[in-house]
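With our numbering applied, the sequence shown corresponds to residues 906 to 1096, in that order. For reference, the structure discussed in these notes is given below.
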Amino acid sequence: MYYFGSTAWSAQTRATHFFDGETMDALKSFEDWLTKFLEWILVGLFGLFIILVVSIVVLRFGFNYGVVGSDEIVRKSFLFTSAIGGAVGITRQEHIAITFFIDSGPRMLKKALFLVGLFLVGLINVAMIWYAWSWIGTTGSYPWQPFNLPKVIVQSAIPIGCGLAVLACAMKIVLTLGGRVNLDVVWLPED
906 MYYFGSTAWS AQTRATHFFD GETMDALKSF EDWLTKFLEW ILVGLFGLFI ILVVSIVVLR
966 FGFNYGVVGS DEIVRKSFLF TSAIGGAVGI TRQEHIAITF FIDSGPRMLK KALFLVGLFL
1026 VGLINVAMIW YAWSWIGTTG SYPWQPFNLP KVIVQSAIPI GCGLAVLACA MKIVLTLGGR
1086 VNLDVVWLPE D
């Protein structure tokens, strides 16, 4: 028995309390909010792409003039977009999956395979965070040309994106265990 305040809680009671309606509603609301927030960041980055690329093309070919570092900003913005987009794909269940075996099995097998898949995606992202920190520790203080800023600014895209992906996997696992994820269509099909 575990004691919380003056009430004795067993492991079963704590698990039941964790998956209660209010907790799951709050987690689902947070997941929805986080997804929308990250989508708006992606919209902003894509807007930045359009503005920068059109400006670069007009300046370069219309006036034979180039802005120092503009190509570099476009490339690095794309890096952040890819990193954040991975987390959004997980929350919307749009990440890469081979669903033939999952869709043909019974519901409990589908749920188990879905959870294992999310766990493995999360585990891969944890490994990428681990290796990214080592990489940043080695090269993060080098200057990022042409701005002469530390490379850690750009390299942080990997741990940020992978951290968001781990958070998305963890939320999706808890929501699945709490019965808040529709398992009729585990991953959204391709059009």
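No residue lacks a Cβ here, since even glycine has one placed at the ideal position from N, Cα and C. Everything numeric in this text was worked out from a predicted model, so none of it was measured.
- Under DSSP, Leu1054 forms a beta bridge with Trp1049.
- Shown here for Lys1015: same chain residues with a beta carbon closer than 8 Å to its own, the five before and five after excluded, namely Ile1007, Asp1008, Leu1088 and Val1091 in chain order.
- By the criterion of a C-beta distance shorter than 7 Å, Val1071 is surrounded in its chain by Gly1027, Asn1030 and Val1031, once the five residues flanking it on both sides are discounted.
- Note on Gly1066: 16 or more other CB atoms within 10 angstroms of its CB, so buried under the neighbour-count rule.
- For the 9 Å CB-CB criterion, Val972 and Phe954 do not form a contact.
- Nearest in C-alpha terms to Leu947, of all of Ala988, Gly1068 and Gln1050, is Ala988.
- Bounds of any alpha helix (DSSP H) do not take in Phe968, whose DSSP letter is neither H nor E.
- Distance from Phe985 to Ala931 at the Cβ level is roughly 28 Å; contact not present, criterion being Cβ atoms closer than 8 Å.
- When DSSP states are grouped into helix, strand and coil, Val993 belongs to the helix group.
- Using a 10 angstroms sphere on the CB of Gly1022, the tally of other CB atoms reaches 16 or more, which defines it as buried.
- Taking a 10 Å sphere around the C-beta of Leu1025, we find fewer than 16 other C-beta atoms and assign the residue as exposed.
- Boundaries cannot be given for Val1086, as no alpha helix (DSSP H) includes it and DSSP labels it neither H nor E.
- Val993 has its alpha-carbon roughly 10 Å from the corresponding atom of Phe942.
- About 7 Å separates the Cβ atoms of Pro1048 and Pro1055, confirming a contact at the 8 Å cut-off.
- In the structure shown, Asp937 adopts helical secondary structure according to DSSP, grouped into three states.
- DSSP places Gly1027 within a helical segment (H, G or I) once states are collapsed to three.
- Counted as a single uninterrupted DSSP element, the alpha helix (DSSP H) harbouring Ser1009 occupies residues Phe1005 to Ser1009.
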